[in-house]
Each structure stands twice: as C-alpha cells, then as structure tokens.
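Protein chains in written order, with my numbering: chain E, 13 to 410; chain X, 258 to 517.
We put the CB at the ideal spot given by N, CA and C, even for glycine.
Shown next, in structure tokens, is the structure this report addresses.
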C-alpha cells in the first residue's frame with residue numbers, strides 16, 4: 013500500500029491534520045506533508061479531504077500491520093443515557109474471548125451527559141471505557157456515530173469489535189465496517205477463538221436458520237460481528253472490579269450529520285419489547301379474532317412476558333406489526349416461547365426456533381409447530397390457555 | 258425524482274427443507290424469487306415515481322438468471338433494469354457487494370433516492386444497503402416504515418426502532434432500507450407483464466464499471482466461510498393429549514420450577 017498527497021489539489025485546509033490520530037500530517041507552505049514513519053495507512057485523511065488530494069493505493073485488500081491490532085472492543089449502546097442490556101451481554105462473551113486471547117476489554121460509549129452511568133460497564137468486565145460526550149451524540153445518528161467510532165477504532169486498533177444486532181447496531185456497524193474496509197458478520201449466535209491462529213470464529217444462522225455457518229476475517233482487522241439479543245448471558249456485576257474511564261475528544265467536523273432526528277415516538281402497545289423479553293406468549297390464526305389476544309395477555313402477565321404474534325394474525329390486523337415474530341417480523345430467542353394457535357409455517361419457525369423452551373398449544377396434532385416444541389398440548393387453546401394462566405398464577409404465587 | 262432500487266434474487270427459503278437422513282439442505286426444486294423485503298422497496302419506488310414524476314430504475318447483482326427478478330420489478334412499474342453480472346463478482350461478501358453495486362449506481366449517476374429491502378431472506382445480514390450508502394458517501398435511514406414528505410431536496414421519514422419509531426429528516430440524495438409496514442406491494446398488471454416481457458435488460462460486467470479489481474469478488478471480500486453445518490435438530494418433545502385440565506396441570510408441574 014502507498015499514500016501520497018496530490019500537491020496540485022491540496023488547498024491547505026488542514027482538515028486532514030485534525031483527523032489524523034497519529035500526528036503524521038503537517039502543513040508546509042499550505043500543502044499537506046505525510047510522515048510515512050508515523051502513518052498507519054488508515055485512510056482517515058482520505059475520507060475527510062474534500063478535494064480528493066490524498067491518494068491511498070491498495071495493492072491487495074489486506075489490512076496492513078495486522079499484528080498491531082490488540083484487544084477486544086464492545087459498543088456500549090445507550091438510549092436516553094441508559095446503557096442497553098445487549099452491551100452487558102456482549103461484555104459477558106467478551107470476558108471469555110479475552111481470557112483465550114490474554115487481552116484487555118474496552119467499551120466505547122457515545123452520547124451526551126452520560127459520564128455518570130459508566131461505572132457499571134467496568135463492574136461488568138470492561139478494563140477501559142472510552143467515552144465521547146457531545147450534544148451532537150445525544151441520540152443515535154448514522155453519520156456522526158460512524159465517524160467517531162471509525163476515528164477511535166483507527167486510533168486504538170482493536171483486533172475484535174462487537175456490537176448488538178439492534179436497529180441502531182445493524183445500521184451503524186455496517187457503515188463502520190465499510191469505512192474501515194474490514195469484515196463484518198451479522199447476527200452471530202456463537203463466538204469463539206480459534207486455538208491455533210487466534211482468529212475470531214463467528215457462527216451465524218443462514219437460510220432462515222436452516223444451516224449454520226462459521227465465518228472468519230483472516231486478513232482484516234478489526235474482526236467485527238453483531239450479536240442478537242439474549243444469545244449470550246449478561247456479565248455478572250462485580251463491584252470490586254477496577255477500570256479506567258477515558259474521555260476522548262474528536263474533531264468537530266466528524267460530528268456533522270445530513271440526517272436530523274425530529275422526534276422519538278414510543279408505541280404503547282409495545283410495552284414489553286419482544287426482542288428483549290425472556291418469555292413470549294404468541295398467538296396465530298387459531299385465535300380467531302383480535303379480542304382473543306386478551307387471554308394471551310393474561311398468561312403473559314402471569315409469566316412476566318410479552319405478547320407476540322404470527323404473520324397471519326398481524327395481516328388480519330388483530331395486533332400491530334411490532335409484535336410479529338418470524339421471517340418478515342422479528343427474530344426472537346426468549347427462554348420460553350408459548351405458541352398458541354400457530355400452525356408453525358417455516359416463516360414463523362425461523363423467527364423463534366432458537367428459543368430455549370418452546371411450548372405449542374394447537375388443536376391439530378399434525379401441525380408443524382409440534383416438530384420444534386419441547387412440550388406440546390393438543391387441545392382447544394380457548395380452554396387450555398386460561399387453565400394455564402390460573403395454574404401458573406397459583407404455582408408462581410401471583 | 259429519480260429512484261434506484263437495488264434488489265436480490267434469493268432461493269425461496271420457505272421451500273428449503275432438510276433431508277432427514279443426510280441432514281443437508283434439499284435445494285432441488287427450490288424456486289428463485291425476489292427477496293420478499295425487496296418487493297416493498299420496488300412498490301415504494303413506483304409510488305414515489307407516480308407521485309413526484311421521474312423514473313424508477315432497478316438493479317441487481319447476480320448470475321445471468323437473476324434477470325428474472327428485474328423483469329418482475331419492471332412488471333410492477335419500474336422503468337428500466339440493469340443486471341450486474343460477471344464471474345469476477347463471484348464470492349462477494351457484503352463489503353464487495355456493496356462496493357460493486359455502488360459503482361453501478363455511479364454509472365447510472367442521476368438519482369435522488371436509493372431504496373433497498375431491510376435485508377435479504379437468505380443471508381439476513383442487512384449490511385449491503387448501508388454498504389452502498391457508505392461507498393457512495395450519502396446518508397442513509399434504515400428500517401423506514403413511512404416516507405412522510407419529500408420537499409426541497411429533503412425527505413422526512415419514520416424509522417422503526419425497538420420501542421416504536423423515530424421521525425428523521427434527511428437531505429437528498431439518501432438511501433433508505435424499508436420494512437414491510439411501508440406499503441402493500443401491487444400485483445403486476447397484464448400490461449405491466451407485457452412491458453416486462455419486451456424490456457431489454459443490459460448486462461454490466463466488471464469492465465463496464467469504473468472498479469478497482471482487488472475490491473471485487475472473493476479477493477475483495479474480507480469474510481470467509483470456514484465451515485457450514487446443520488444446526489443440531491431439536492429432540493422430539495413431549496406432547497400431551499387429553500382433557501385440558503390434565504394436560505395443563507402436567508405442563509405447569511413440569512415448568513413451574515424453571516420459571517421462578
């Protein structure tokens with residue numbers, strides 16, 4: 013790889029000097045000069061130059077100086093200043109991986125007025141927490157979040173970067189990976205370290221969960237992966253753990269955004285977000301009408317869970333789309349999934365078949381849902397479900 | 258208003274079955290279809306064109322037979338289609354795919370909005386849409402469930418989140434990935450089908466695009482699939498039949514300790 017300044021195009025604006033994390037660029041007579049001993053060929057200056065005055069040539073697609081990349085980074089997703097549970101789940105897995113690599117864990121959090129909420133990340137396994145605090149970062153926006161993360165990752169060069177496969181994470185990390193020109197594996201359900209080569213082994217479902225694939229990024233760093241909710245266990249809190257909170261500042265130009273958040277609307281019906289629920293009681297065509305979702309809500313309440321639905325129920329307008337489980341809805345993996353009056357078409361199964369325990373209640377003993385169920389009841393859901401509600405209420409003392 | 262829709266041909270995963278004896282995928286007889294999420298993107302492109310004028314161009318990267326999905330998009334109302342197809346693109350992961358599609362879009366040049374489905378039903382990565390936007394250095398809004406307004410080179414859209422939705426305003430050009438809630442795709446009319454049948458679809462190869470060869474196909478793909486296996490089959494569960502009172506009691510007894 014090689015890098016050079018096209019002197020004719022350089023206007024001496026100094027943007028590249030500001031974004032270079034390695035102090036490799038200086039201005040001499042209003043032209044940028046790159047110190048090749050300090051330059052890591054990360055490309056930050058190329059991205060920021062408005063005049064295409066810096067040329068970076070790749071002779072292969074490999075990341076240069078692979079061996080310089082050390083440590084595991086976890087994206088600390090915050091909403092309204094609250095760190096989301098997915099980040100604690102990632103820290104739990106990161107601890108296992110860090111042990112195998114004998115390396116440190118860093119968490120990176122972007123937001124505004126968030127510095128007080130970060131100690132828990134240390135108690136849950138982070139050795140360092142990098143925080144960028146700025147009004148522009150208060151809520152998620154693709155461009156400033158991408159620019160800041162890319163800047164930090166280029167500077168600190170971790171070998172692994174993990175992020176939640178959330179609405180925010182999947183949008184953001186795809187951009188980050190492209191800018192860093194590295195590999196990214198979506199929706200991993202398994203992460204491990206290759207014993208010999210120390211690669212990150214990223215296992216994910218494909219073909220709607222019909223096959224599993226293990227994916228590697230051999231020649232690129234960081235090795236990046238997103239992980240679904242509830243796949244890994246949250247890291248335990250250990251208040252005796254010590255760590256460092258490090259505030260980073262970035263060039264203002266990185267905080268610019270062409271998108272603007274006008275409003276955040278929370279929908280009341282999604283009181284418990286099904287992607288995060290430990291227990292889901294779902295209904296399908298067998299419920300026969302919108303009013304009958306009430307009996308599922310009763311059971312969900314007793315079990316402390318959320319209500320889900322099949323596509324058939326959503327398409328009939330019995331319940332909003334945000335409750336839909338399956339291929340065109342949400343993929344969930346709760347501890348317990350109770351399918352009531354759902355026949356179990358493959359589109360539904362791919363969205364819930366990785367649940368720990370599946371319970372099916374259906375009148376038709378040949379319904380495909382029974383093939384994935386740990387426990388099944390063949391019977392009339394209008395009789396069985398209220399009985400379950402009553403009996404669980406007694407058994408669980410509620 | 259010029260719109261580009263980027264779509265993908267996928268195997269119909271609802272038809273994919275596992276051979277119980279060999280535990281492998283049965284691919285024979287599995288039809289190829291438009292990625293179900295892309296049909297919403299196509300429909301939205303056609304609606305935007307009908308409302309604001311301009312044209313809707315559809316592109317796909319894939320083998321020669323992927324032409325079929327472009328024809329289907331034209332039958333739904335898209336004006337023209339381009340097939341990006343070359344052996345050099347084989348083995349592309351999401352990074353190389355996003356790059357190649359971005360270079361094809363650069364060749365088309367004139368666009369205000371790029372639309373994609375939220376993800377493809379075979380790979381489920383949701384990475385190619387944002388990948389295209391990043392390579393083109395344009396903004397993106399993912400998981401769009403409604404385009405509220407387009408005015409003065411800006412768009413206001415609703416973006417789905419875990420808790421509900423956000424209202425986001427963006428400058429154009431911009432890339433949107435869309436969810437099912439955004440519309441109900443139309444059934445192609447007979448006239449549309451006739452038009453699609455007659456349409457000629459140009460094929461663009463690597464040499465037709467201004468691409469850096471090391472960023473294409475397998476060479477340009479950082480991720481490698483090292484192993485493919487079938488997930489362990491779920492063991493056959495316990496199924497209870499009989500009086501609701503008895504079956505409900507059995508289930509509660511089995512589960513109550515695990516739910517505390």
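Buried versus exposed call for residue 416(E) [16 or more other C-beta atoms within 10 Å across all chains shown]: With chain E covering only 13 through 410, there is no way to say anything about residue 416(E).
Start-to-end residues for the alpha helix (DSSP H) that takes in residue 498(X): That residue, residue 498(X), is in no alpha helix (DSSP H); its beta strand (DSSP E) goes 495 to 498.
Uninterrupted alpha helix (DSSP H) stretches inside the segment 426 to 454 of chain X (no shorter than 4 residues): none
Near-chain E residues of the segment 477 to 505 of chain X (beta-carbon distance less than 7 Å), N- to C-terminal order: 477, 479, 480, 481, 482, 483, 484, 485, 486, 487, 488, 491, 494, 495, 496, 497, 498, 501, 502, 504 and 505
Beta-carbon spacing of residue 17(E), residue 44(E) below 7 Å: yes
As assigned by DSSP and simplified to three states, the class of residue 374(X): strand
Contacts of residue 229(E) in chain X (Cβ-Cβ under 9 Å): 479, 480 and 481
In DSSP terms, what residue 237(E) is bridged to: 174(E) and 197(E)
Residue 282(E), DSSP secondary structure in three states: With a pLDDT of 47 at residue 282(E), under the threshold of 50, the predicted position of this residue should be treated as unreliable, though the coordinate-derived value follows. Three-state DSSP puts residue 282(E) in a helix.
Chain X contact residues for residue 270(E), given Cβ-Cβ distances below 7 Å: 396, 427 and 428
Span of the beta strand (DSSP E) around residue 258(E): 256 to 259
Where residue 135(E) meets chain X, residues with beta-carbon distance less than 7 Å: Under the 7 Å cutoff, chain X gives no residues; its nearest Cβ is about 25 Å from residue 135(E).
Under the three-state DSSP convention, the category residue 338(E) falls into: coil
Partners in chain X for residue 279(E), counting only beta-carbon separations shorter than 8 Å: 420, 421 and 422
Interface residues of chain E facing residue 320(X) [CB-CB closer than 7 Å]: Those do not exist, as residue 320(X) stays about 18 Å from chain E at its closest Cβ, beyond 7 Å.
Within the segment 297 to 354 of chain E, ranges of the beta strand (DSSP E) (whole runs, at least 3 residues): 318 to 321 and 348 to 352
Outcome for residue 349(X) when other beta-carbon atoms lying within 10 angstroms are tallied against a minimum of 16: buried
Backbone CA spacing between residue 323(X) and residue 477(X) [nearest angstrom]: 22 Å
Proximity test, Cβ basis, 7 Å: residue 414(X) and chain E: no
Own chain, CB closer than 7 Å to residue 282(E), minus 5 neighbours either side, in chain order: With a pLDDT of 47 at residue 282(E), under the threshold of 50, the predicted position of this residue should be treated as unreliable, though the coordinate-derived value follows. Counting only Cβ-Cβ distances below 7 Å, and skipping sequence neighbours, we find 334.
Endpoints, beta strand (DSSP E) assigned at residue 81(E): Taken as a continuous stretch (DSSP letters only), residue 81(E) belongs to no beta strand (DSSP E), as it is neither H nor E.
Endpoints, the beta strand (DSSP E) within which residue 213(E) is located: 212 to 218
Rounded C-alpha distance that separates residue 29(E) from residue 193(E): 22 Å
Residues that residue 399(E) contacts on chain X, provided the C-beta gap is smaller than 7 Å: 501, 502 and 505
Residue 231(E) - DSSP class collapsed to helix/strand/coil: coil
Under 9 Å by beta carbon: chain X residues contacting residue 224(E): 484, 485, 486, 487 and 488
Nearest neighbour of residue 173(E), chosen from 247(E), 106(E), 143(E) and 73(E) [CA to CA]: 106(E)
For residue 294(E) and residue 322(E), believed in contact at Cβ under 8 Å, the rounded distance: 7 Å
Local Cβ density within 10 Å of residue 460(X), reported as buried at 16 or more and exposed below that: exposed
Residue 255(E) versus 345(E), 184(E) and 116(E), residue with shortest Cα-Cα distance: 116(E)
Beta bridge counterpart(s) of residue 390(E) as assigned by DSSP: 374(E) and 498(X)
Segments assigned beta strand (DSSP E), at least 3 residues, entirely inside the segment 377 to 412 of chain X: 397 to 408
Among 357(E), 328(E), 318(E) and 277(E), nearest to residue 344(E) - alpha-carbon criterion: 318(E)
Under 7 Å by beta carbon: chain E residues contacting residue 391(X): 187, 190 and 191
Anticipated Cβ contact below 8 Å, residue 123(E) with residue 90(E), distance rounded: 5 Å
Cβ neighbours of residue 57(E) in the same chain (closer than 7 Å, five flanking residues each side left out): 28, 31, 32, 37 and 66
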